[in-house]
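Colleague:
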Amino acid sequence: ATGALDCDNEEVLLSGAGSSTGNVSYQWTTTSGGSIGTPNAINTLVNAPGWYSLTVQFLNNGCTATDSVEVLSLADPIVGANIELTPPDCIILEGSLNVTAVIGGADPFFYSIDGGIATNIPEFLYLDPGSHLLTIEDLNGCSLDTTIYLPYPEEVLVELGPDHFIDLGETVDLEAQLSIALSEVDTLWWLNLSDSVECPTCLSQTVAPLETTVYRIYVVDANGCMAEDKVTVWVNSRQPVYVPNAFSPNGDGTNDRLIFFAGPEVARVRYWRIFDRWGNLVFQAEGFPANDPAFGWNGLFNGQPMNAAVFVWKAEVEFLDGRTEVLLGDVTLLR
Numbered sequence: 005a006t007g008a009l010d011c012d013n014e015e016v017l018l019s020g021a022g023s024s025t026g027n028v029s030y031q032w033t034t035t036s037g038g039s040i041g042t043p044n045a046i047n048t049l050v051n052a053p054g055w056y057s058l059t060v061q062f063l064n065n066g067c068t069a070t071d072s073v074e075v076l077s078l079a080d081p082i083v084g085a086n087i088e089l090t091p092p093d094c095i096i097l098e099g100s101l102n103v104t105a106v107i108g109g110a111d112p113f114f115y116s117i118d119g120g121i122a123t124n125i126p127e128f129l130y131l132d133p134g135s136h137l138l139t140i141e142d143l144n145g146c147s148l149d150t151t152i153y154l155p156y157p158e159e160v161l162v163e164l165g166p167d168h169f170i171d172l173g174e175t176v177d178l179e180a181q182l183s184i185a186l187s188e189v190d191t192l193w194w195l196n197l198s199d200s201v202e203c204p205t206c207l208s209q210t211v212a213p214l215e216t217t218v219y220r221i222y223v224v225d226a227n228g229c230m231a232e233d234k235v236t237v238w239v240n241s242r243q244p245v246y247v248p249n250a251f252s253p254n255g256d257g258t259n260d261r262l263i264f265f266a267g268p269e270v271a272r273v274r275y276w277r278i279f280d281r282w283g284n285l286v287f288q289a290e291g292f293p294a295n296d297p298a299f300g301w302n303g304l305f306n307g308q309p310m311n312a313a314v315f316v317w318k319a320e321v322e323f324l325d326g327r328t329e330v331l332l333g334d335v336t337l338l339r
């Protein structure tokens, strides 16, 4: 045999040189289970360790001669490796790998990544996300190629839904939907919430803005990946006050009192004054909540019912956002 099997030499040449020649036949055999390249030739290649026999037969008389040779294997192949991976995160979009153990092979081991220079350092830093080819080679030239995949950081999404339209004084519920489990959230915060919010780090918020407001939410997961979204709550702060243009204070239980109506955007009515056609003040109320019949006019002046006529009113209202507005109108008293 010429040489021995190792990871650089996967085949060994068996030679019958020195055997008889002429009118003879050759037969290579083995009990080792390996394959024999050309079993009927004087020389052949084999790829497995073990004992091989060459039988030479003289064709003119049938006599045979046999000799055996052992093929040795000097290599213990590398069959695997234990590898620790550190995936990239969103703060540093680079990962790393560390070979903690090589299974099989012979020390010392050399390591390379993606066809780079091999060294005896089993750790590779600053690796981009994606696939990488790790090659491990030992003293005898045995090597193992392993494809390593460093996953991209999982994308974090947060969604607040469409914008909302409300009247001043109304509330609206904001609900953030996440693409990850709440347990994976490291930090969560909102912008433009009022100081009275009980849970500024909750996914759900109930807001009552005094003016059109853009609310933003920011979410950071355990990998440092951040997502944000915004939603605008449009506030209609000029919804008109309503005072009926007629009432009939005749004691029938229907429309007997003139009431100052307003939406929830009105904090209070600073004053409400009603005048007859000569400009005489016949009714007034100050600093009262809208929609309260107790502050309405019953059609009396100095305890006496007023005759049917058209009256003019003037009021100043204060809105929740602090604005004030003076309003004018008229009403017909019916009998």
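If you're matching positions, the sequence shown starts at 5 in this note's numbering and goes up one per residue. Where a beta carbon is used, it is the ideal one built from N, C-alpha and C, also for glycine.
Quick check on the burial criterion: 16 or more other C-beta atoms within 10 angstroms. Buried or exposed for residue 126?
Modeller: When all chains shown are included, residue 126 counts as buried.
Colleague: Kindly confirm or deny that the segment 288-300 and the segment 210-217 touch, where touching means at least three C-beta pairs closer than 8 Å.
Modeller: As far as the Cβ criterion goes, the segment 288-300 does not touch the segment 210-217, which means the pair count is below three.
Colleague: Shortest alpha-carbon distance to residue 153 belongs to which of 47, 254, 92, 241?
Modeller: Nearest of 47, 254, 92, 241 to residue 153, Cα basis: 92.
Colleague: Assuming residue 102 is part of the beta strand (DSSP E), what are its boundary residues?
Modeller: Segment 99-108, the beta strand (DSSP E) holding residue 102.
Colleague: Out of 190, 82, 22, state which residue places its alpha-carbon closest to the alpha-carbon of residue 144.
Modeller: The shortest Cα separation from residue 144 among 190, 82, 22 belongs to 82.
Colleague: Tell me where the beta strand (DSSP E) around residue 320 begins and ends.
Modeller: Start and end: 313-323.
Colleague: Which residues in the same chain have their Cβ closer than 7 Å to the Cβ of residue 118, if we skip the five residues on either side of it in sequence?
Modeller: Once the five neighbours on either side are set aside, the close Cβ partners of residue 118 are 136, 137.
Colleague: Taking 9 Å as the threshold (C-beta atoms), are residue 19 and residue 46 in contact?
Modeller: Yes, they are a contact pair.
Colleague: Where residue 288 and residue 278 are concerned, what is the direct C-alpha to C-alpha distance, given to the nearest angstrom?
Modeller: The straight-line gap from Cα to Cα measures roughly 6 Å.
Colleague: Leaving out the 5 sequence neighbours to the left and right, which residues in its chain are closer than 6 Å to residue 31 when beta-carbon positions are compared?
Modeller: For residue 31, where only same-chain residues beyond five positions count, the Cβ hits under 6 Å are 59.
Colleague: Compare the beta carbon distance of residue 293 and residue 235 with 9 Å and say whether it is the shorter of the two.
Modeller: It is not a contact, given that the beta carbons lie outside the stated cut-off.
Colleague: Taking residue 75 as the reference, give the member of 276, 182, 56 with the closest Cα.
Modeller: With distances taken between Cα atoms, residue 75 lies closest to 56.
Colleague: Could you work out which residue in 181, 233, 14, 268 is closest to residue 246 when comparing CA atoms only?
Modeller: The candidate whose alpha carbon is nearest that of residue 246 is 268.
Colleague: Could you check whether residue 106 and residue 50 sit closer than 9 Å to each other, using their CB atoms as the reference points?
Modeller: Against a cut-off of 9 Å, the Cβ pair of residue 106 and residue 50 comes out as no contact.
Colleague: Would you identify the three-state DSSP class for residue 299, choosing helix, strand or coil?
Modeller: Helix at residue 299.
Colleague: Mind checking who residue 309 pairs with in its DSSP beta bridge?
Modeller: Its beta-bridge partners are 304.
Colleague: Less than 9 Å between the C-beta atoms of residue 97 and residue 9, yes or no?
Modeller: Contact: no.
Colleague: What's the call for residue 169, buried or exposed, on a 16-neighbour Cβ count within 10 Å?
Modeller: So residue 169 counts as exposed.
Colleague: Check whether the Cβ atoms of residue 177 and residue 210 sit closer than 9 Å, and answer yes or no.
Modeller: Contact flag set, yes.
Colleague: Rank 260, 266, 112, 251 by C-alpha distance to the C-alpha of residue 314 and give the top, closest one.
Modeller: Considering only alpha carbons, the answer is 251.
Colleague: Since residue 273 contacts residue 330 with CB under 8 Å, what's their CB separation in whole angstroms?
Modeller: Residue 273 to residue 330, Cβ: 11 Å. No contact.
Colleague: Once the 5 residues before and after residue 100 are set aside, which same chain residues still bring their CB inside 8 Å of it?
Modeller: Cβ neighbours of residue 100 beyond the five flanking positions: 89, 90, 127, 128, 129, 130, 131.
Colleague: Compare the beta carbon distance of residue 146 and residue 108 with 9 Å and say whether it is the shorter of the two.
Modeller: It is a contact, given that the beta carbons lie within the stated cut-off.
Colleague: Going straight from the alpha carbon of residue 318 to that of residue 286, what length do you get?
Modeller: So the alpha carbons of these two residues sit roughly 12 Å apart.
Colleague: Spatial neighbours of residue 156 within its chain, please: CB distance less than 6 Å, with the 5 preceding and 5 following residues excluded, ordered by chain position.
Modeller: Closer than 6 Å at Cβ, skipping near neighbours: 133.
Colleague: Ignore the nearest five residues each way along the sequence and tell me which others in residue 3's own chain have a CB closer than 6 Å to its CB.
Modeller: The first residue shown for the chain is 5 and the last is 339, placing residue 3 beyond what the model contains.
Colleague: Buried or exposed for residue 11, please, with buried defined as at least 16 other CB atoms from any protein chain shown within 10 angstroms of its CB.
Modeller: It is buried - the Cβ of residue 11 has at least 16 other Cβ atoms within 10 Å.
Colleague: Which of the three DSSP states is assigned to residue 186 in this structure?
Modeller: Helix.
Colleague: Taking the runs of the beta strand (DSSP E) that are 3 residues or longer, which of them lie wholly in the segment 175-225?
Modeller: Runs found: 176-179, 189-195, 208-211, 217-225.
Colleague: Rank 254, 184, 174, 28 by C-alpha distance to the C-alpha of residue 304 and give the top, closest one.
Modeller: Closest option to residue 304, Cα to Cα, is 254.
Colleague: By the three-class DSSP mapping on this structure, what secondary structure does residue 261 have?
Modeller: It is coil, neither helix nor strand.
Colleague: Please give me, in chain order, every unbroken run of the beta strand (DSSP E) with length at least 3 that falls completely inside the segment 74-161.
Modeller: Taking only runs of at least 3 residues, the beta strand (DSSP E) segments lying wholly in the segment 74-161 are 82-90, 99-108, 114-117, 127-131, 134-141, 147-154.
Colleague: Which class does residue 237 belong to by DSSP, given the choice of helix, strand or coil?
Modeller: Three-state result, residue 237: strand.
Colleague: Of the residues 264, 306, 28, 123, which one's Cα is nearest the Cα of residue 66?
Modeller: Out of 264, 306, 28, 123, 28 has the C-alpha closest to the C-alpha of residue 66.
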